[in-house]
Amino acid sequence: MLRSLCTPSLRLICKPTTRCRLYSTPAVPKKPNHALGVQNVKPWSELSTPQKVVVASKTTVNVGVILAGVALTGTIVYYIGSELFGSDSATSVFSDAVDKIRKHEELVAILGEPVKGHGEPSRNSRRRNRRITSQVVEDANNEPHMFMRFYVEGPENQGTVMLEMIKNEQKKWEYKQLYVDVPGQGLPSKRIYIERK
102 MLRSLCTPSL RLICKPTTRC RLYSTPAVPK KPNHALGVQN VKPWSELSTP
152 QKVVVASKTT VNVGVILAGV ALTGTIVYYI GSELFGSDSA TSVFSDAVDK
202 IRKHEELVAI LGEPVKGHGE PSRNSRRRNR RITSQVVEDA NNEPHMFMRF
252 YVEGPENQGT VMLEMIKNEQ KKWEYKQLYV DVPGQGLPSK RIYIERK
């Protein structure tokens, strides 16, 4: 049975019936692995003019790609932020309308507290974020109107909210009408106006 003990430069082989012999193995120099991208990098001062042009071009392209990615990301974040948090966004209009409904004493008495607002009813009970229906259209005078429908509910009752907004001279949305239709539960349904012009 052979037993061996190896080191980088020495190999010791022992046989049971003979003495151990020490063999020297030549060290194999390691080659750079170009497949893994390991290369010898020369200092800038040792590069020839064509090599400097190639290196500068690669660096310029890489920096350009990075800057384009940062600009694209910034643009996307800006538009998402303005849609979600801007004063003219549908989300902001929805939040303002729900706040007005929560402050309306007659509606709070009918719906009960707390009053919650949400978008279109969903058949899926697990789906919590329901879409709010809104639309911007222009009238015959090319003036934009925003129409929105959503729902409010409280412990006692629920209602359907309709709103119409127009842009004022400062190009900001203002209410033309905001009302809630509440089912009567045995009585005729009731329409309660919160804003009307």
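Position one of the sequence shown corresponds to residue 102 (our numbering), numbered consecutively onward.
We treat Cβ as the ideally placed atom computed from N, Cα and C, and that holds for glycine.
Under the three-state reduction of DSSP, V262 is assigned to strand. Per DSSP, V238 is one residue of the beta strand (DSSP E) stretching across 234-239.
With a cut-off of 8 angstroms on Cβ pairs, the region 208-221 is in contact with the region 255-263, counting three or more such pairs. Per the coordinates, the alpha-carbon of D197 lies some 10 angstroms from the alpha-carbon of A191. When the beta-carbon positions are compared, F251 and H205 stay at least 8 angstroms from each other.
The residue from K273, V262, M249, K298 with its alpha-carbon nearest to that of R203 is V262. Residue environment for L279: buried (at least 16 other C-beta atoms within 10 angstroms of its C-beta). If you look at E275, you'll find it in the beta strand (DSSP E) that goes 274-283. In this structure, I295 places its C-beta atom within 8 angstroms of the C-beta atom of K201.
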